[in-house]
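**Q**
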Amino acid sequence: MKLHIANCSPQRHLFNYKLPERRQPFARHIPAGDQITLEVQDTDITAIIDQHERYGFVDVTKIPKDFSGICYSIDREIKVSKIKDGYEARIEFLDDRAEKIIEESAVVINNGIKNAAVNHGQEQQDGFEMSINSEPLDPEQDDKSPVKKNVKVTK
């Protein structure tokens, strides 16, 4: 049988796995937006899936909102459109996660400033505002658009 494994993330993935009858681990590189095929027995497929499910390895037909970026299909090659859909789901999840982290960071910083002001007998003004500007570190990156975000914490 064939186990097709797709990398729907924007970076290369090293897929490590073990087979039940073998002691040594195996590893295959999966380029971003590509897939590999493993020709293995039914029991090996089950073992590989079991090894990776806890890390977000999912059937290509069941890609969730919090998709890890790696999916599989048994005996059917994964269509490019499915890889693209998985990529978009992964990017959307990462963007949402980044947004949440930024908002939580602003609240933590605001609370720290408030506590420092109170400890020094001063009153904190309402509405801490934080600006985040960034540019990609990797010039080879596909999406070179800078990130510009303003966050305002209100009581």
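Going by the UniProt record's numbering, the sequence shown wraps up at 155, each residue one higher than the last.
For each residue, glycine too, the CB sits at the ideal point set by N, CA and C.
1) Sort out for me which residues DSSP pairs T37 with in a bridge.
2) Between I74 and L38, how many whole angstroms is the CB-CB distance? I'm expecting something under 8 Å.
3) Excluding sequence positions up to five away, which residues of its chain have a Cβ less than 7 Å from the Cβ of F93?
4) When you compare each of I70, F26 and P20 to A47 by their alpha carbons, which one comes out closest?
5) Out of A106, P136 and N115, which has the shortest C-alpha to C-alpha gap to T154?
6) Give every residue of the same chain whose Cβ lies closer than 7 Å to the Cβ of A32, excluding the five residues on either side of it in the sequence, and list them in chain order.
7) What's the C-alpha gap between E88 and H29?
**A** Well, looking at it:
1) Within the sequence shown, numbered from 1, the residue matching residue 37 stands at position 37. Beta-bridge pairing links T37 to H4.
2) Residue numbering aside, residue 74 sits at position 74 when the sequence shown is read from its first letter. Residue numbering aside, residue 38 sits at position 38 when the sequence shown is read from its first letter. The Cβ separation is near 10 Å, so there is no contact.
3) Position 93 of the sequence shown holds residue 93. Cβ within range, chain order: K65, D66 and F67.
4) Mapped onto the sequence shown, residue 47 falls at position 47. That would be P20, whose Cα lies nearest to the Cα of A47.
5) Indexing the sequence shown from 1 puts residue 154 at position 154. The candidate whose alpha carbon is nearest that of T154 is A106.
6) Within the sequence shown, the letter at position 32 stands for residue 32. N7, S9, P10, Q11 and R12.
7) For the purposes of this step, residue 88 is identified with residue 88 of the sequence shown, where counting begins at 1. For the purposes of this step, residue 29 is identified with residue 29 of the sequence shown, where counting begins at 1. Each residue's alpha carbon lies about 21 Å from the other.
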